[in-house]
Amino acid sequence: MPELPEVETTRRGIIPHIVDQTIEQVIIRAPKLRWPIPKSISKHLPGQVVRSIERRAKYLLVAFDTGTLIIHLGMSGRLQALSTTTTANKHDHVDIGFKNGCWLRYTDPRRFGSILWTTDAPLEHKLLCQLGPEPFDKSFTAEFLVTRAKNKKLAVKHFIMDSKVVVGVGNIYASEALFAAEIDPRTAANQVTSQQYSLLVKHIQRILKLAIKNGGTTLKDFLDTDGNPGYFSQKLQVYGRADLNCLRCDGKITALQIGQRNTFFCPGCQH
Ligand SMILES: [Zn+2]
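Structure follows, in structure tokens:
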């Protein structure tokens, strides 16, 4: 599943090709994604200029003078800027052609992604208005987490993966950050100290930054054509290492489920 680093990498990758460029045509081959793609965009987007591409959580916000496209990659979506048109394959659902010859292609085998249009302030959209802060936002601090965790007895790992608390901490990043901060992922969110949350904030930011620098983590859906996992996975310290030796102590990495998600941690050095 594309996580925040992949979405940010996508944003940075397509900006040079389509910002300030004018749309010539929109081809929608398969409008049925998670929600239907509004057909009207193929009528009113041609002639319009992309003003900016921002990201909020895992949503890309493509701004025009008359509104904003809100794009989510879902489980298996991919957005590519092509320098020339190529034959569309089965899962290439949308092509947006630009006057400069570039094409923006949306591919999504599992069709859990979405492409929506709003003429209102995009951050007020119902999908976005309840999201917690960005992990790199100044407001994402230990104090903020302590306040949000008040009376919350759920496991801290589950807590930091809640997008209403903070966005972008996917399953891998949660395990990795908790390992780096030496916090047991099962600890009740309201039992984590301010000092621990401070370390956790620091490591969440560090790990996400590293992942963005490396182009995102690579998961099952993102195996290359030879079936090899991506390079960031080689830097994972704890995720996917069940029964292997801890890289920090003599203990063995334990795997269990928290909130129905695979969780990896070292009982020896995470308390
Ligand atoms: Zn250990």
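Position in the sequence shown counted from 1, then plus 1, gives you the numbering used here.
Beta carbons: idealized from backbone N, C-alpha and C, even for Gly.
Candidates Thr119, Asp138, Cys270 and Tyr198: closest to Arg149 by CA position: Tyr198
Nearer than 7 Å: is that true of the beta carbon of Cys267 relative to any heavy atom of ligand 1? yes
For Glu7, the nearest candidate out of Val51, Pro17, Arg79 and Ile16 (CA to CA): Arg79
Who are the near neighbours of Ile19 in its chain, counting only those whose CB is closer than 7 Å to its CB and skipping five residues on each side? Val51, Ala82, Phe99, Cys103 and Leu105
Consider the C-beta atom of Gly241 and the heavy atoms of ligand 1; say whether any pair is separated by less than 7 Å. no
Which ranges would you report for the alpha helix (DSSP H) in the segment 104 to 136 if only whole runs of at least 4 residues count? none
Below 6 Å CB to CB, which residues in the same chain sit around Leu55 once its five sequence neighbours on both sides are set aside? Per the sequence shown, residue 55 should be read as Glu rather than Leu. Around Glu55: Leu62.
Among the candidates Ala178, Thr188, Ser140 and Leu132, whose CA atom is the shortest distance from the CA of Leu155? Thr188
Outcome for Ala122 when other beta-carbon atoms lying within 10 angstroms are tallied against a minimum of 16: exposed
Decide yes or no for the touch test of the segment 68 to 76 against the segment 15 to 33: beta carbon pairs closer than 8 Å, at least 3 of them. no
Please confirm whether Lys151 and Asn191 have their CB atoms less than 8 Å apart. yes
On a CA-only basis, which of Leu129, Lys203, Ser84 and Ala243 is nearest Asn263? Give me that one, please. Ala243
Could you check what DSSP says for His73 in three-state terms: helix, strand or coil? strand
Using 10 angstroms around the beta-carbon of Gln261, count the other beta-carbons present and answer buried if the total reaches 16, otherwise exposed. exposed
Closest by CA to Ala31, which one among Met162, Asp109, His204 and Val193? Asp109
How would you call Asp96, buried or exposed, if buried means at least 16 neighbouring beta carbons within 10 angstroms? buried
Do you know offhand how far Ile28's Cα is from Ala212's? 33 Å
Using a threshold of 7 Å, is the CB atom of Arg249 nearer than that to any non-hydrogen atom of ligand 1? yes
Check Tyr60 in the structure and name its three-state DSSP category. strand
If we ignore side chains and look at the alpha-carbon of each, how far apart do Glu183 and Gly133 end up? 24 Å
For Ser115 versus Arg12, is the C-beta spacing smaller than 8 Å? no
Quick check on the DSSP output: what are the complete alpha helix (DSSP H) runs of length 4 or more inside the segment 188 to 221, in order along the chain? 195 to 214
Shorter than 7 Å, the distance from the beta carbon of Cys270 to the closest heavy atom of ligand 1, or not? yes
Is Gly14 close to ligand 1? I mean its beta-carbon at under 7 Å from any heavy atom of the ligand. no
Rounded to whole angstroms, what's the CA-CA distance from Gly68 to Ser43? Just pull it up for me. 14 Å
Could you spell out the range, first to last residue, of the beta strand (DSSP E) harbouring Arg79? Arg79 to Leu83
Given a threshold of 16 other Cβ atoms within 10 Å of its Cβ, counted over all protein chains shown, does Pro17 qualify as buried or as exposed? exposed
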